[in-house]
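Here the structure comes first, spelled out in structure tokens, and everything after it is commentary.
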Amino acid sequence: MTRILIAEDEPQIAAFVRRGLESAGYESVIVEEGDKALEVALSGEIDLVLLDIGLPVMDGFEVLRALRAAGSTTPVIMLTARTSTRDTVEGLESGANDYIPKPFAFDELLARVRSRLRESSPRPGFILTQDDVELDLLTRRATVGGKEVELSAREFTLAEQFLRHPGEVLSREWLLREVWGLNFDPGSNVVDVYVRYLRSKIGHGHIVTVRGAGYRWG
Ligand code: CA
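Heads up: the sequence shown runs through residues 232 to 449, numbered per the numbering used here.
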């Protein structure tokens, strides 16, 4: 059974989310403190984390960074009352898979949960290759010309989109949706920044800027 961790220190919100998830057929665990959330998220028994930013002991950003630093690829959806671009970008750069501002409609939360769970189901041993770049989707390892390169979780997902759609122009809006799970532009040129990071790691010849339209592999 799919088990979802609800890291939320407001009991009413936690109970509301739990009721909804349970009626949708998911099991859930509620924790109120950040350090506890990290421990439970790393237990290997959690399929997805709903993570509030304002938590006691460790805040949501700290939990997320520690989780990713420990190598966990468990999908994380940040829940927050804060809607500033800075917090959105910080959350996404710390490795969040999605972001939901409070207050939210439960149906919206559920749709995001389903979609993040779908993306994270493993495709065993699946390898994507274009030119000299190879991505192993199971181990999340990237190599260029046979040499391993360190990509962050976000850079890897971005590279994956290019390798899945070689020769196609990918717009910023499309990439924001596919890579960051955003249906809006946080106004931070996050896509351009990450394309730059990615080029610096895999070489500058692969991803072409298509003026006014987006980016294209090859
Ligand atoms: Ca809170």
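Each residue gets a CB set at the ideal place from its N, CA and C atoms; glycine is no exception. Since we're looking at a predicted model, the values are computed, not measured.
Item: Straight-line gap, Glu451 to Asp329 (C-alpha atoms, nearest Å); Value: Because the chain spans 232 through 449 in this model, residue 451 falls outside it and cannot be assessed.
Item: Proximal residues to Glu293 (C-beta, below 7 Å), its chain only, five neighbours per side dropped; Value: Gly265
Item: Limits of the beta strand (DSSP E) - the one that Tyr425 falls within; Value: No beta strand (DSSP E) holds Tyr425; the alpha helix (DSSP H) holding it covers Val421 to Ile433.
Item: Pairwise C-alpha distance: Ser254 and Ala444; Value: 43 Å
Item: Backbone CA spacing between Asp362 and Leu273 [nearest angstrom]; Value: 36 Å
Item: Proximity test, Glu239 beta-carbon vs ligand 1 heavy atom, cut-off 8 Å; Value: yes
Item: Contact under 9 Å by Cβ, Ile331 with Leu323; Value: no
Item: Cβ pair Gly256, Thr233 closer than 9 Å; Value: yes
Item: Distance cut-off 8 Å: Gly285 Cβ against heavy atoms of ligand 1; Value: yes
Item: Close-in-space but distant-in-sequence residues of the same chain around Val439 (CB under 6 Å, 5 per side omitted); Value: Arg447
Item: Extent of the continuous alpha helix (DSSP H) run through Ala245; Value: Pro242 to Ser254
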